[in-house]
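Numbers -5 to 210, taken from my numbering, label the letters of the sequence shown in order.
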Amino acid sequence: MTQQESAVPATASAPKPALPRRSLLPLYLVLLVSIAPVLGAVMVYFNPQWWPSESTNYGQLVQPQRPMPAPSELTLTTLDGKPFDLNSLKGEWLLMTVDGAQCEEACARKLFILRNSHASQGKNVERVTRIWFITDDQPVPDKVLDAYRGTIMLRARPEQLAEYLSKDTPQADAGLAAPMWIADPHGNLILQYPAEADPLRFRKDLSKLIYNSRIG
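Written out as structure tokens, the structure is:
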């Protein structure tokens, strides 16, 4: 062995010590903090018994929420007599009212509230659909058809509508012609309003629902 070889430190060829493995705990904590609000909102949404008793909504909550009926439970037809399945509208917020085809003053007021509340939603207008359930076979006046163009008008049997809309709901004794309703995009009936509802407060409820919702 030469003098130069013997001068090389013995540690030069020794392997470098392994770096300590980084913990994944901070990453898991960041992910948990990110998804916790979403999970919490979903849990509260599907458990109305957890909702605060002093709600800020104007309409009265329908409890328990009532799912959308199947076509066999709610027979609907369009004005030209074609069958209509209400479930085809799942995925949208539904504004609903009920009345006879002649649509007197109280009926027109409800349709007016639904139309204007819908139109006021700006970029979210496509997330909302208006429905008028007609409980008789009378013709709808042309002036009503023109004024509320865009409203889905469906003929329905009152006793079937009552099972869906007014059974065990607030103001059930007022009958079908008095209230208005909102159903969520899952098809659940969630809010009921009187015919004399304040249009501005109705609109505010709708705007708040749509703004805070990731569905529909």
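C-beta: ideal position from N, C-alpha, C; glycine also. On a predicted model such as this, the values are computed, not experimentally measured, just so you know.
Spanning the alpha carbons of residue 204 and residue 58 requires a straight line of approximately 21 Å. Looking at 80, 207, 111, the one whose alpha-carbon comes closest to that of residue 198 is 111. Nearest to residue 209 by C-alpha distance, out of 158, 118, 153, 141, is 118. For residue 184, there is no enclosing alpha helix (DSSP H); the enclosing beta strand (DSSP E) covers residues 183 to 187.
About 5 Å separates the CB atoms of residue 149 and residue 71; that is less than 8 Å, so the two are in contact. Per DSSP, the beta-bridge partners of residue 128 are 93, 149.
In the three-state DSSP reduction, residue 197 falls in the helix class (H, G or I). Where residue 176 is concerned, the enclosing beta strand (DSSP E) starts and stops at 174 to 177. Under a 10 Å Cβ-count criterion, residue 36 is classified as exposed, with fewer than 16 other Cβ atoms of the shown protein chains found around its own Cβ. Counting only runs of 3 or more residues that sit fully inside the segment 59 to 116, the beta strand (DSSP E) segments are 70 to 72, 87 to 93, in chain order. For residue 121 and residue 83, the gap between their C-alpha atoms comes out near 10 Å.
Note on residue 104: 16 or more other CB atoms within 10 angstroms of its CB, so buried under the neighbour-count rule. Sorting 128, 188, 174 by C-alpha distance to the C-alpha of residue 74 places 128 at the top. Rounded to whole angstroms, the Cβ separation of residue 60 and residue 170 is 14 Å, and the two are not in contact under 8 Å. The Cβ atoms of residue 85 and residue 179 sit closer than 7 Å to each other. Secondary structure at residue 18: coil, using DSSP grouped into helix, strand and coil. Looking at the backbone, the Cα of residue 190 and that of residue 34 are separated by about 35 Å. With respect to residue 173, residue 154 sits apart: the two C-beta atoms are not nearer than 7 Å. Annotation for residue 181: 61, 62, 81, 84 place their beta carbon closer than 7 Å to its own, counting only its chain and skipping 5 residues before and after. A residue is called buried once 16 or more other Cβ atoms fall within 10 Å of its Cβ, and residue 144, having fewer, is exposed. By the CB criterion at 7 Å, residue 108 and residue 89 fall inside the cutoff. Cβ-Cβ separation between residue 52 and residue 195: approximately 4 Å, consistent with a contact (criterion under 8 Å). Each residue's CA atom was taken as its position, placing residue 66 and residue 130 some 19 Å apart.
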